[in-house]
Amino acid sequence: MKSHSKNKPQSLNHTQIAYQGIRRMLFHGEIVPGQKIGYRDLAERLGMSQTPVIQALKWLEFQKIVRHEPNRGYYTEPVSIREVEEIYNLRELIELDLLDRTMAVLDAAGLQLMKTALEEHARAARQVYLFERLVRDMNFHLTLARLAGRFIALETLRNLFDRLYLKYGGSILFSTSMEQAASDHARLFDMLEAGDKAGARAVLGDHIRRVCQHVVEGLQLIKAEKKGTVV
-19 MKSHSKNKPQ SLNHTQIAYQ GIRRMLFHGE IVPGQKIGYR DLAERLGMSQ TPVIQALKWL
41 EFQKIVRHEP NRGYYTEPVS IREVEEIYNL RELIELDLLD RTMAVLDAAG LQLMKTALEE
101 HARAARQVYL FERLVRDMNF HLTLARLAGR FIALETLRNL FDRLYLKYGG SILFSTSMEQ
161 AASDHARLFD MLEAGDKAGA RAVLGDHIRR VCQHVVEGLQ LIKAEKKGTV V
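As structure tokens, this is what we get:
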């Protein structure tokens, strides 16, 4: 019994390492939508046994990032433009609702947090590393949402970002201009600082819809190229 209890935390830790490793592969496009996932190959790439890899894939299956087909194995879900549109629509609903609450309680400390998130995103927007740019973009939105103090809504929003970033990968998501995103964030901060609720709602809503449009257009182009309709 003692030996079993000692091994359990180590096993859990290995599963967490496998989970984070697979997440990185999904984000960087090393595992693409619609692909069969060979857990033996993943185990070799991660330098661990197959057991924690399978457990990590089960976590991702629960999150609807991958699916398991009996007697066939694990697969990533194929690209779904309808799903992307639904995710961005939900993001807009949640973020605008949280924005109202944030502006009702926003103080100097909260503004400083937003300013820091804005500056970090602006610096990342000038970098070539896509991962850092996307993480800072997400952090800006989540910081604004976190200030509302509605943690179930915040966790739901975080899950939507996960679904986008892991299922569709960073290279697909940012067909939109990072310079435009940085400009939108700066305008939103100005509205927050001025206490302009209507202006802040307009900027945030327009920003989310614009990004959605760019992502959908990028996915449509990828689908067309795969069908051979675009040279």
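Residue numbers (the numbering used here): -19 to 211.
No residue lacks a Cβ here, since even glycine has one placed at the ideal position from N, Cα and C.
Just so it is clear, the structure is predicted and the values come from calculations on it, not from any experiment.
Item	Value
My assumption, with CB atoms under 8 angstroms, is that LEU168 sits in contact with LEU144. Please give the rounded CB distance.	That pair is no contact at about 20 angstroms.
What residue ranges within the stretch 44 to 92 form continuous beta strand (DSSP E) runs of no fewer than 3 residues, ordered along the chain?	46 to 49 and 53 to 56
Kindly list the residues whose CB is nearer than 7 angstroms to the CB of ILE188, restricted to its own chain and excluding five residues on each side of it in sequence; keep chain order.	TYR68, ARG71, GLU72 and GLU75
Round the Cβ separation of ALA125 and LEU137 to the nearest angstrom and send it over; I've been treating them as touching at under 8 angstroms.	5 angstroms
With contact counted as at least three CB pairs below 8 angstroms, one residue from each stretch, are the stretch 32 to 48 and the stretch -5 to 11 in contact?	yes
Tell me which residue opens and which closes the alpha helix (DSSP H) that GLN193 is part of.	177 to 207
Quick check on ILE(-3): does DSSP put it in helix, strand or coil?	helix
I'd like the list of long-range same chain contacts for ILE132, defined as Cβ closer than 8 angstroms, with 5 residues on each side in sequence excluded.	none
Is the beta carbon of ALA105 closer than 8 angstroms to that of ALA161?	yes
Between SER(-17) and GLN43, what straight-line distance do the alpha-carbon atoms span, to the nearest angstrom?	Low confidence applies here, because SER(-17) scores a pLDDT of 43, under 50, leaving its location unreliable and the question unanswered by this model.
Report the rounded CA-to-CA distance for GLY14 versus LEU201, giving the unit in angstroms.	17 angstroms
At which residues does the alpha helix (DSSP H) containing PRO13 begin and terminate?	Here PRO13 belongs to no alpha helix (DSSP H), and DSSP marks it neither H nor E.
Could you pull the start and end residues of the alpha helix (DSSP H) that LEU127 belongs to?	LEU127 -> no alpha helix (DSSP H), and no H or E assigned at all.
Quick one: what's got a C-beta closer than 7 angstroms to GLU49's C-beta in the same chain, skipping five residues either side?	TYR55
Are ALA23 and VAL33 touching if we call contact CB-CB under 8 angstroms?	yes
Could you check how far apart the C-beta atoms of MET158 and THR123 are, in whole angstroms? I think they sit under 8 angstroms.	Not really, about 18 angstroms apart at Cβ, beyond 8 angstroms.
Give every residue of the same chain whose Cβ lies closer than 7 angstroms to the Cβ of LYS(-12), excluding the five residues on either side of it in the sequence, and list them in chain order.	At LYS(-12), the pLDDT of 47 sits below 50, so the modelled position is not reliable; the number obtained from the coordinates is stated separately. Closer than 7 angstroms at the Cβ level, and outside the excluded window around LYS(-12), lies no residue.
Could you say which of LEU146, ASP87, ILE45 and ASN119 lies nearest to LEU172 if we only look at CA atoms?	ASP87
I'd like to check one pair, LYS207 with VAL59: are the Cβ atoms closer than 8 angstroms?	no
Do VAL191 and ILE61 have their CB atoms nearer than 8 angstroms?	no
Cα-Cα, which of ARG116, HIS8, ALA89 and ASP80 is closest to GLU100?	ARG116
Since ILE17 sits in a beta bridge, which residues does DSSP pair it with?	TYR54
Can you have a look at HIS8 and say buried or exposed, based on whether 16 or more other CB atoms are within 10 angstroms of its CB?	exposed
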